[in-house]
Amino acid sequence: MTTATDSTRTIVTGSKAAIPIRRAGSRNREQLISWAFLAPFLLAFVLFLAWPIVHGIILSFTDQSLTGAGGSFIGFANYAEALTDPKMWQSMGNTVWFTLLSTVPLVVIALLMAALVDRGIPGQWLWRLSFFMPYLLASTVISQIWVWIFNPQIGAANNILEFFGLEPLAWLQNPDTNMLSIVIATVWWTVGFNFLLYLAAMQNIPPQQYEAASLDGAGPWRQFWSITLPQLGPATVLILILQILASLKLFDQAYQMLGGVASDTTRSIVQYIYEAGFVSYRFGYSAAISYVFFALIVIIGVAQALITRRRKESQL
Amino acid sequence: MMSTATLTETITTTKPARARRPHLPGEKPFGVLRISALVVLIVLAVGWLLPFLWAIATAFKTETDAASGDPSWIGASGPTIEAFTAILSQGNVYTWAFNSLWTSIAVTLITLTISALAAYAFSRLDFTGRKWLFVAIIASIVVPPQVLIIPLFYEMLAFNMIDTYWGLILPQVVAPAMVFILKRFFDAIPIELEDAARVDGASRLRIFWSIVLPLSRPILASVAIFVFIGAWNNFLWPFLVINDTTLMTLPVGLQTVISAYGVQYAQVMAQAVLAALPLIIVFIIFQKQIVKGVATSGFGGQ
């Protein structure tokens, strides 16, 4: 006769072995239930994420074509070709250039917008709508709007330049200005996202801190510089990293604003992946470029992790 | 990941939202600083609204007025809705809008269901390999979908899913970041609530359905909004996997007719405005939830 002391699970049986067996059984049951809960996600995860990652690596070592031809193992030939392909480096350069050009205004303007809106000026609803609304638009829609604005003959952008007595530009049709045009459209399109992240971070700062500072005679400027800004550190690191990662994936708007025409000054790395795979039908080569691009992203991710860790340590 | 986790924590664990203060303490309501802040804010807001307002203005012009290059807000021949009627008389726009709507809803529902179930298992159940499986899923957040277009397309070819709704929907439903967000939320729900139900003999599925999910409504809404916007605006994958005009989503479909219209700017703008309208209306109605949803699920959008 065994009496377990646990009041809710008192099991009285004649055999001593009964309790362990029962426990093992309930543990097996929990395993089974767990996997049942996980199964739908895991199935999708394996089919549409894990296996494609592995299969992409396999494909990158073959000369597989979209038409089904090829597929034999060619070792590192694709990678060797990618690393010596001037077009690959050009599109990598364009991507990094776009990232630099777009990230700075996308973070600075977002901070400015959030700082102004956080001051509690009436009309919060309208400010949020104005700044965030473009983010809700599809890349197709924003491309159409900006192609129209950047029209060299009848576009509004040149009307504005004219108003200020400046020379009209060919915008998207000039290789010197087409990347700049894409950056302007992108800043307009996506700054609202960073704005909302900054705003959320600012609204987490306890109001007591401002009140205390105010009692000590700190004015609004002083409050912003010594209370708001220092506490936005973690948010800024996050926004910066997310923005760099998002900018590196440039494709949709650049592709559509130029009407699908490849320009040597705007072709991004994702566009080159697309062209190699779906225009030249070279799946193997395209997969290899994908992984060169992925390596770049991983390097940035690792750098971010290291920076964050150092920040954390210096705070301790 | 560290900074990501920290910020989510600061955002999601905010207890009550800070009461909106009318102005910074110690600041005069009509001080110079406040007035100049208002001016800068107005300039920025106008600058941000202008491109879209200009598109609307163009959409209400005749093609001749639009192409005249006259920068006035109303065309010389007066406002007209002929560009809109021209667009709406072509059947495809309705088809694309319908496809966009239902495939985005499908992506959202499937993503939400499978992610919530998995997140619950990671949060509450004990099973072999739980830790490393979770780490693997979180690690996969760094993989940009753009990197996988080649193997995914190859897979869709093998499954015979090119030019099908399933081929469009299924590859979009895996959202490891959402599993992470939901698990963190489930972790914060007091386990005592569930223990009581377990003593009463309720099954895990029942507990999940009638205790955990109702408590998680705000986070589920955030995730749903975020996934929906992403699916509604997704361009690259639908562009690759769909060639059949009748199966296209709005972003892909609209893109095919730009060239077909040539220089019909009023029609192109009418089309852009029509495509933008549904999400703008949704935003105006659900602004609070969307703003909160973006702030909470923000980092999953990479």
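Here the protein sequences line up with chains A and Z, keeping their order.
For the first sequence, position 110 (counting from the first letter as 1) is numbered 126 according to my numbering, and the numbering increases by one without interruption.
For the second sequence, position 72 (counting from the first letter as 1) is numbered 1016 according to my numbering, and the numbering increases by one without interruption.
C-beta atoms are modelled at their ideal positions from N, C-alpha and C, and glycine is treated no differently.
Collapsing the DSSP output to three states places A/Thr-281 in coil. Taking 8 Å as the CB threshold, Z/Leu-1126 stays off the interface with chain A.
Our two residues, A/Trp-237 and Z/Ile-986, have alpha carbons roughly 20 Å apart in a direct line. Taking the CA atoms as reference points, A/Asp-134 sits about 40 Å from Z/Leu-1112.
For Z/Gln-1090, there is no enclosing alpha helix (DSSP H), since its DSSP letter is neither H nor E.
DSSP places Z/Thr-1072 outside both helix and strand once states are collapsed to three, so it counts as coil.
The three-state reading of DSSP puts A/Phe-89 in strand, counting E and B together. With contacts defined by Cβ atoms closer than 8 Å, A/Pro-56 and Z/Ile-1058 form a contacting pair. Within a 10 Å sphere around the beta-carbon of Z/Asn-1104 sit fewer than 16 other beta-carbons, which makes this residue exposed. Under the three-state reduction of DSSP, A/Thr-78 is assigned to strand.
Straight-line measurement puts the Cα of A/Met-195 at about 7 Å from the Cα of A/Thr-281. Exposed is the label assigned to Z/Ile-979, since fewer than 16 other Cβ atoms lie within 10 Å of its Cβ. Restricting attention to alpha helix (DSSP H) runs no shorter than 4 residues, the region 994 to 1054 of chain Z encloses them at 1007 to 1011 and 1026 to 1032, ordered along the chain. For A/Phe-299, a Cβ of chain Z is located within less than 8 Å of the residue's own Cβ.
For Z/Gly-1013, the closest Cβ of chain A is nearer than 8 Å. Rounded to the nearest angstrom, the gap between the Cα atoms of Z/Tyr-1064 and A/Asn-174 is 55 Å. Within the same chain, Cβ atoms closer than 7 Å to the Cβ of Z/Asn-1036 are found at Thr-1189 and Gly-1197, the five residues on either side in sequence being excluded.
By the rule that beta-carbons nearer than 8 Å mark a contact, Z/Pro-1134 does not touch chain A. For the region 1217 to 1243 of chain Z, the set of positions with a beta-carbon nearer than 9 Å to some beta-carbon of chain A reads Val-1217, Ala-1219, Ala-1220, Leu-1223, Ile-1224, Val-1226, Phe-1227, Ile-1228, Gln-1231, Ile-1234, Val-1235, Lys-1236, Val-1238, Ala-1239, Thr-1240, Gly-1242 and Phe-1243 in chain order. Here A/Ser-279 has Pro-191 and Asn-194 as same chain residues with Cβ atoms under 8 Å from its own Cβ, once five neighbours each way along the sequence are excluded. Within its own chain, the residues whose Cβ lies closer than 8 Å to the Cβ of Z/Leu-1069, once the five positions on either side in sequence are excluded, are Arg-1148, listed in chain order. Per DSSP, A/Gln-169 is not a residue of any alpha helix (DSSP H), being assigned neither H nor E.
Cβ atoms of A/Thr-78 and A/Tyr-297 stay farther apart than 8 Å, at about 13 Å.
Chain-order list of chain A residues neighbouring Z/Ile-1081: Phe-61, by C-beta distance under 8 Å. When DSSP states are grouped into helix, strand and coil, Z/Gln-1208 belongs to the coil group.
As the crow flies, the alpha-carbon of Z/Ile-1081 is around 6 Å from that of Z/Pro-1120.
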